[in-house]
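Straight run, no breaks: the sequence shown in this note's numbering ends on number 181.
C-beta atoms are modelled at their ideal positions from N, C-alpha and C, and glycine is treated no differently.
Remember, it's a predicted structure, so these values are computed and weren't measured experimentally.
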Amino acid sequence: MDRLIYPVIYNLGFALTLFAVLPIGASEAVRLRDGKTYFNQVPQLVDAYTTQNLVNVTNAVYYFKVSVPKDAGESLQRLEIKPYKSLDDVNFEVDNTVNNPTGIAIAQDQDKNITVVFNPAIAPGETINIPLRAVRNPRYGGVYLFAVTAFPQGDTAHGQFLGYGRLNFYDSDRFGY
5 MDRLIYPVIY NLGFALTLFA VLPIGASEAV RLRDGKTYFN QVPQLVDAYT TQNLVNVTNA
65 VYYFKVSVPK DAGESLQRLE IKPYKSLDDV NFEVDNTVNN PTGIAIAQDQ DKNITVVFNP
125 AIAPGETINI PLRAVRNPRY GGVYLFAVTA FPQGDTAHGQ FLGYGRLNFY DSDRFGY
């Protein structure tokens with residue numbers, strides 16, 4: 005019995021050593037049988053901020069900064085930014101967005117959801133800052149959350165939730181003016 009166990013352990017140890025020493029190629033995206041594509045490593049919502057945080061201010065720009073990890077396995081093709089249960093709706097001037105990088109198409113649907121499409125897609129290892137110009141800030145102060153979902157390149161890409169971009173808006177009377 006011992007004669008059988010030792011060769012198996014020896015061969016298993018040798019095989020594990022080979023895997024540890026051999027170079028591993030670039031990571032690829034996960035593709036399921038049904039054709040859906042997933043990121044190998046999900047992009048990260050790095051930051052969300054606004055240029056104006058007082059209520060009712062016009063021409064504020066909201067920024068959503070997203071980083072695609074080097075080992076994502078697939079480029080970032082599309083982002084969806086959805087307001088989450090807020091006191092007031094935020095409308096964006098999608099055709100008049102400041103510093104809009106070339107190749108970005110931005111649209112807002114009737115539910116106030118924003119879709120950002122990148123052409124070309126954002127490659128692994130890159131970071132992008134998406135500017136969205138608001139028609140005006142909300143009328144009511146408070147915390148406003150925006151759910152951010154990333155989609156890899158491909159026709160059957162599966163969206164992966166990155167987290168909430170959090171923006172705080174303050175009533176002007178809190179500051180005495």
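Exercise for review: Leaving aside the five residues before and after R170 along the sequence, list all residues of the same chain whose C-beta is less than 7 Å from its C-beta, in chain order.
Suggested key: On the sequence shown, residue 170 is found 166 positions in, with the first residue counted as 1. Around R170: A52, V147 and L149.
Check your understanding: Should the region 110 to 117 be called in touch with the region 125 to 132, which here means at least 3 C-beta pairs below 8 Å?
Key -> no
**Study point:** Sub-8 Å separation of V59 and D175 beta-carbons
**Key:** For this step, residue 59 is matched to residue 55 along the sequence shown. For this step, residue 175 is matched to residue 171 along the sequence shown. The answer is yes: Cβ separation under 8 Å.
**Study point:** S71, enclosing beta strand (DSSP E) - first and last residue
**Key:** Taking the sequence shown and counting its residues from 1, the one referred to as residue 71 is at position 67. V65 to S71 is the span of the beta strand (DSSP E), which, as asked, contains S71.
Point to revise | Residue from A138, P124 and D75 with nearest C-alpha to D93 | key: Numbered from its first residue, the sequence shown carries residue 93 at position 89. Selected option, being the one with the closest Cα: A138.
Review point. Are Q48 and G77 close, meaning C-beta to C-beta below 8 Å?
Key: Within the sequence shown, numbered from 1, the residue matching residue 48 stands at position 44. Within the sequence shown, numbered from 1, the residue matching residue 77 stands at position 73. Cβ distance not < 8 Å, so Q48 and G77 don't count as in contact.
Review point. Leaving out the 5 sequence neighbours to the left and right, which residues in its chain are closer than 6 Å to G167 when beta-carbon positions are compared?
Key: Here residue 167 refers to the residue found at position 163 when the sequence shown is read from its first residue. The residues are L49.
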